[in-house]
Each structure stands twice: as structure tokens, then as C-alpha cells.
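Protein chains in written order, with my numbering: chain A, 7 to 235; chain B, 1312 to 1419; chain C, 7 to 483.
Virtual Cβ for every residue (Gly too), placed ideally from N, Cα, C.
All values reported here derive from a predicted model rather than from experimental measurement.
To keep things clear, I will list the structure first and then write my remarks on it.
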């Protein structure tokens, strides 16, 4: 116990000291406006009207490509961990309240997701928000027993990787035209971003759903092998 | 103290509270929650500095937050799966001062 | 601006494409995609190196926007040397893994996509000129590295992988807060724009401290090394090789890059002294712990803790040009030597069936080439001439004497002796005639050749030291 207490004291001193240093260091910050002027100056060339989307999918699209790689890596990692695990027995009882509610709000969720995706080009919204809502919809459909996506997990995992593949292809395509990585040609920029956003929304939804599903299939500790269950 | 500064300070405090949690607790679920608190603190800080200048907020920190959220969600999912798998193999839920390395074979 | 050579982007995009292909198509196509990318990366890297040699340090404006609005890739002599280090080790590990995973389709299925994404993350780090992009690249590398540890399976790998992951994520979030601080202060994420604007001040100092601390946790510098030995030891051998040779170097590279190009004006000299002292502690502690190990892979992993220490001797002597050369050379020669050693150890384990140092007898006959490769690379760890490790340590000693800080030289010498004390017993055991000698198995020759190729590289690096030095050093911005 002595070590554990020392550990906590160490953690408290470290975090407390850091908190003081951090707060002291922001007192000197000025009211800078960061890069907002540069973003506004180039927004016309980006292909979208929403500034955040322009940064995410055009100006700093390379970051977003790597971010989707991270999401995909989490899926590979979780799938590798769940390898050989069998999904828990499904309860046969179908909750009438849950499935009734699901039937009511599922269409609305899909609609909201589509709206968020569409709005992303001119207002707050975009692929990730749309994907998150869609993932929740798939999950709700499964929990309510309306759909059984578990059966096609392999195919879903394949489709989940397509978003990254589409994004990478869109980034590499300008190289074939003699332009730079991610240098979308002016007129086509809008169309490219819309296609990439659509692919990313579907991939994000499937990856988030699969992360949940694979993670929940790992069974809990059931005693050492050979011991009575 | 201006408004953005108040939010910045909250963000920074959240970060240090999360840092305390990752170090002080052994239970892995608490550690996962703690690094999520660290992340939220950073995101709050970023959003608050985006609104420093009067008028139009700076979109670049907003984009950084969105990227950061996706990364943190991925990391959280992976950490939770790893926790469940470790629990399924060992029955442990905490990381103690160190289990002995006993593996002698590999690859098979 | 059209017509910029695409090589810098391709060095990152090739392994990304191979990674997603390896994920979509399992089995033979996955292996083929990875092998082809392992051959194409050095090709595009050669073209990139040619561009840098002719035109000096290069900035590649992704999307044509240019910093600070867009992200710039940046390639100078240091990046090129690091990329070649990754390419040599990566190609050898790829060749090794083709044989290693034969008959183990379950693990191979996850290995190829993860390894390709890891390679992409490494290349992205070595080419990035943007602090936030470095954060995302760091996560690509970190997540694939931990997942690779975990595919070994079993309680040791899972526990070690989880501990590794929690340290890594805490480290990268700490780094990210530093990035946010820098942006708040300078309104830019580009390393060189920050470097031009940076001066002594509380925000810059706090940002530098946060970013450095986060990266030190990922580099496993003493006393933040506690997660490394078990993670590197319990991974599969090709994974251990990549982790010890490359992954810890990537976060070290970031510290080096940030300290030389971004924080140059914001740091007090005591900070460099502090890192140097931690480096010394690492050299000694890692070696002492390595001597105490009974398991071969734990010994090698502790040796990594020790060898990482030398890298940080750069910081207290940063003003001397030989210190920079020495540290980069140490990164390079340790990468080749340690990758070779882990691959050799994988062969020895497969041959004698376990990794107990006591039980190595017979390996000297069955996998002679691997034991020989272990010996050559071990000489590089000790710093014996004419190995690459010798050149590295010589440069560091020279810098320490010429800057009047002789105590670093004393630690470097002691570290070499300690390395000898943990390398020789392994060789002696391997050549012993033991009872198990008859049962020791042969391993596919490709696996032995890969280990040997890296060992030869660590030796050639010492003999041909002048080549990378003379070509790339002038190409700094």
C-alpha cells in the first residue's frame, strides 16, 4: 500500500505542478486570429463553402487521410484481438418497446445522417458526424433485432476499407495529371470532395459499428482453462 | 479574465486531471477514461483559442479537434478491446507493477 | 505550381496503398503487395535522394497550398538518412517475414497490413514539416506498432501491449497539448515558421517541455523505459526488430528535429544537460539490467534501453557538429545492428525451441549464420572498430572532449564494456556443446540471410562512414 500511496502523491504533485505551469503560460497569449484570414482568402478555391470542411478535406486533407488510417488500424487491431472469439449468444427475446421505438426513429436517423453529410459542404456537419449517426442507426437496428449485420461481418469489413481507398486514390490522382499530391483541379474540387465525403461517411459508420461488434464478441474471464466454469 | 481564457483554463485543468488519473490508477478502464479526459481538455483548449479574436472563429483548431476526436475514439476502442482480451486471457483488469516475462516460444 | 517531383509523396503513399490492399486481399496477394511495396519504396526514395542531392533541402507543398495554410513535406539530409535506415531495415524484415509466417496464416493475415501502415507512419514522420501532422503520423505508427505486439497473443504480449499502448497514448496526448500551445502562440503549425518566430517565453517553453516529455515516453528514455522490455520481448521476432530498430527512433527523430529547428531559441542550456544525464543513466541502467536477464529477448530489449541513451548525449553538446553526426550515426548503426540481432534471435529460438540463454547450446551449429550475425551486430553495440557503432561512439567521444565535457566520454566507454559483458555470454552459450545440440533445427535460409544482410550493413556503415556523411550533411536548411 505504501508504494501505491507514493504513486498517487507523485501523480498529484506532477499534475498539480503542470496545471500551475500551464495556466501561467497562457496568460501571455495575445488575441491572435490564427489562420482564419488565410482560410478565408483561399476558401473560393477549395471547392466547398464550409471553412472547417475546407480545412479537413482540402487544405489539410493529408491529415484527414492519416486519421482515417488510424481509424482503420483500430479496426484491424480490434479484429485481430477478437480473432477466434465467438459472438455471445443472442437473447431470443425481442423487446417490443425497443423494436417499436427503433422502427420509429431509424428512418429519422438515416435522414439526419444524410442531411449532415449534405450540409457539410456549406455548414457545420460532414462525413464524420454523418458516419457517427449512421453507426448508431446500424447498432440500434441490431440491438432491436431488426437487422443482423453480424452475418456479413467479412463483407462489411471490406466495405469499411473502401473509404480510405477512395480517399487515397483521390489524393494520388492529381499525380497522374502532373500536379501535386492532393492538388485537386479547380473545377473538379467540389465533386471530388463530395464523393470522398460520401465514401468516408459510409466507412466511418461501418468501422464504428464493427469496432463495437468485434469488441463485444471478446468473452470475459471464465476462469483458468481446466477449472470448472 | 476574458471568456476564452476561462474556457482555456478549464481545458488545461481537465488535461491535468486526466493525467493524474492515467498515472494514479491501476485499473485499465479508469486509465482509458483518464486519457479521454486528457483529450477532452485539449479539445476544449483548442476550441477556446479558436474564438480569441472577436468575430469569426478560426476554423483550423476546429478541424484539429475533429481529427483528434477520431483518433481518440479509435484509441479508446482499441484499448477497450485489448482490456477485454487481456481480461479474457488472464482474469486481470489492472496493470500491476509487472508480471514476469515467461514466454519462451513464439510464432506457433 | 506544377511539375514538382512526386517522390516524397510516393514514399508515404506506396506503403499506405499496400496496407489497404493487404487488408482487402488476404493471403498471397497481401504478401505480394507488401513485397512489391518494399521494393518500390527504395526506388522512389532513390529518386527523392537524387532530387535533394541536386537541389538541396526540399519542401513539398501538399495540395499546392503551402504552409501555414497547407501541410508541407520536408526532406533534408537528416530525413533522407532516416528514410534509408527505415528502407533497409524494412526490406530485410519484409523478406524475413515471408519465410517466418509460412504455415501461420492466422497471424500473417494481420501482420502485412499492420506492417505496411507502420512503414507508412514512419516515412510520414521522417518527411513531415508540420507539428500537427506529426501527431497524426505518430498515431498511425503507434497504433500499428501496438497492434503488431498484440498479434503474438498470450498473456505476456497482451499485458505488455496494453501497458505500451497506455504509455504511448498518454505521451502523444501530452505532445498534442504542446502543439495546441504552439498554435495558440504562433498561429502556425509549420516547424520552420515556428522556428523563425520562436523566442524565449513561457508559452514556448511550456510547449517544448510538453512535446519533449510526451516524445520521451514514446522513445522509452530512462526512467520512462519501463514499458519497453516486455513489449519488445513478447512481440514476434520481426516485430521486435522493427520496434527496437525503427519505432523508438521515430520519436527520437522528432525530438531532434524540434529541438534543432523549432525550439532552437526557446530552450535553456540546462534542458540539454538534463536530457544528457537521463541518457547516461539509460546507458548504464539498461546494460546492467541486460546482464541480469535469463531470457535472450529480454536481454536484447534491455540492450535497446541502453543504446537509446547514447542518442540523447547529443543534447548537452548540441553546439558541436560531431555530436549531431554521432547521434544520427548511433540511430543508424543501432537500427541495423538491433534489427539483425532480433532476427537472429528469432532464428535461434526457432532452432532450439525457446529463448532461455541457458538453453542456447547447439544453436552455433544449426543456425551458424545467425549466431555469426549476432556476433557482428554485437560488436557494433559495443562500439568495436570498424563497426558503425564505433564511428557513432567515436564522434560522440570527440565532441565531448572538444567541448570540455569529458564525463560523457567516460560513460560512453563504460557503456561499451558493459555491452561486451552481456553480448559475450550469449555467444559462448551458443557455441557450447550441449545435450540438446542434436535436437536443434535448421531454419529457412532466407531468414538467416536477412539477419546476416543487416549485420553486414552495420559493419559496412563503419567502413564506408564517409558516404552518407559527405553526401547529406550539406543539405540542411
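Measure from the C-beta of residue 174 of chain A to each C-beta in chain C and report whether the shortest distance is under 7 Å.
-> yes
State buried or exposed for residue 364 of chain C, treating a residue as buried only when at least 16 other CB atoms are found within 10 Å of its CB.
-> Under this definition residue 364 of chain C is an exposed residue.
Residues of chain B with a CB under 8 Å from the CB of residue 2 of chain C: which are they?
-> Examination of residue 2 of chain C is not possible in this model, given that chain C is present from 7 through 483 alone.
Extent of the continuous beta strand (DSSP E) to which residue 64 of chain C belongs | 64 to 67
Skipping 5 residues on each side, what residues in its chain have a beta carbon closer than 6 Å to that of residue 10 of chain A?
-> none
Below 8 Å on the Cβ atoms is my guess for residue 237 of chain C versus residue 148 of chain C; work out the distance and round it to an integer in Å.
-> In fact, because the Cβ distance is near 12 Å, the residues do not count as touching under 8 Å.
In DSSP terms, what residue 80 of chain C is bridged to | C/65
Sequence ranges, alpha helix (DSSP H) only - wholly within the region 142 to 212 of chain C, length at least 4 | 160 to 192, 197 to 203, all fully within the region 142 to 212 of chain C.
For residue 156 of chain C, go through chain B and note every residue whose CB falls closer than 8 Å to its CB, in chain order.
-> 1393, 1396
Tell me whether the beta-carbon of residue 158 of chain C lies closer than 7 Å to the beta-carbon of residue 239 of chain C.
-> no
Kindly indicate which residue of C/264, C/196, C/193, C/187 has the alpha-carbon position closest to the one of residue 222 of chain C.
-> When C-alpha distances from residue 222 of chain C are compared across C/264, C/196, C/193, C/187, the shortest belongs to C/264.
Between residue 210 of chain C and residue 274 of chain C, is the Cβ-Cβ spacing less than 7 Å?
-> In this structure, residue 274 of chain C does not lie closer than 7 Å to residue 210 of chain C by Cβ.
Is it buried or exposed for residue 246 of chain C, if we count other Cβ within 10 angstroms and need 16 for buried?
-> buried
CB-CB length for residue 297 of chain C against residue 428 of chain C, believed under 8 Å = 5 Å
Start-to-end residues for the alpha helix (DSSP H) that takes in residue 181 of chain A | 159 to 182
For the alpha helix (DSSP H) containing residue 401 of chain C, list its first residue and its last residue.
-> 394 to 408
Let me know the secondary structure DSSP gives residue 483 of chain C once reduced to three states.
-> Below a pLDDT of 50, predicted positions are generally treated as unreliable, and residue 483 of chain C, at 36, falls in that range; the measurement from the model is reported next regardless. In this structure, residue 483 of chain C counts as coil in the three-state DSSP scheme.
Kindly examine the ligand HEM and report whether one of its heavy atoms sits closer than 6 Å to the Cβ of residue 14 of chain A.
-> With respect to the ligand HEM, the structure shown offers nothing to examine, as it has no ligands at all.
Closer than 7 Å by C-beta to residue 67 of chain C: which residues in its own chain qualify, once you throw out the five before and the five after it? Chain order, please.
-> Counting only Cβ-Cβ distances below 7 Å, and skipping sequence neighbours, we find 76, 78.
Would you say residue 198 of chain A and residue 177 of chain A are within 7 Å of each other, going by their C-beta atoms?
-> Taking 7 Å as the cut-off, the Cβ atoms of residue 198 of chain A and residue 177 of chain A do not count as close.
Beta-carbon proximity check, residue 195 of chain A vs residue 53 of chain A, cutoff 7 Å | yes
Near residue 24 of chain C, what residues of its chain come up, given a Cβ to Cβ distance below 6 Å and the 5 sequence neighbours on each side ignored?
-> 39, 40, 43, 122
Closest residue to residue 219 of chain C among C/179, C/207, C/244 (Cα-Cα distance) | Per the Cα distances, C/179.
Going by DSSP, name the residue or residues bridged to residue 231 of chain C.
-> For residue 231 of chain C, which the question treats as bridged, DSSP gives no partner whatsoever.
Spatial neighbours of residue 220 of chain A in its chain, beta-carbon cut-off 6 Å, leaving aside the 5 residues before and after = 84, 85, 88
Can you tell which of A/200, A/170, A/138, A/179 has its C-alpha closest to the C-alpha of residue 126 of chain A?
-> A/200
What whole-angstrom Cβ distance do residue 258 of chain C and residue 130 of chain C have, given they're in contact under 8 Å?
-> Contact flag wrong, Cβ pair sits at about 16 Å.
Could you give the residue range of the alpha helix (DSSP H) that holds residue 328 of chain C?
-> 327 to 358
Below 7 Å CB to CB, which residues in the same chain sit around residue 181 of chain A once its five sequence neighbours on both sides are set aside?
-> Same-chain partners within the cutoff: 187.
Do residue 1369 of chain B and residue 42 of chain A have their C-beta atoms closer together than 7 Å?
-> yes
What residues of chain B sit near residue 226 of chain A, judged by a beta carbon separation below 8 Å?
-> 1395, 1398, 1399
Please report the residue range of the alpha helix (DSSP H) in which residue 244 of chain C lies.
-> 243 to 248
For residue 69 of chain A, which three-state DSSP category applies?
-> helix
Give the straight-line distance between the Cα atoms of residue 450 of chain C and residue 105 of chain C, rounded to the nearest whole angstrom.
-> Pairing residue 450 of chain C with residue 105 of chain C, the inter-Cα distance amounts to about 7 Å.
Which residue's Cα is closest to the Cα of residue 33 of chain A: B/1323, B/1391, B/1366, B/1379?
-> It is B/1323 whose Cα lies nearest to the Cα of residue 33 of chain A.
Can you have a look at residue 344 of chain C and say buried or exposed, based on whether 16 or more other CB atoms are within 10 angstroms of its CB?
-> buried
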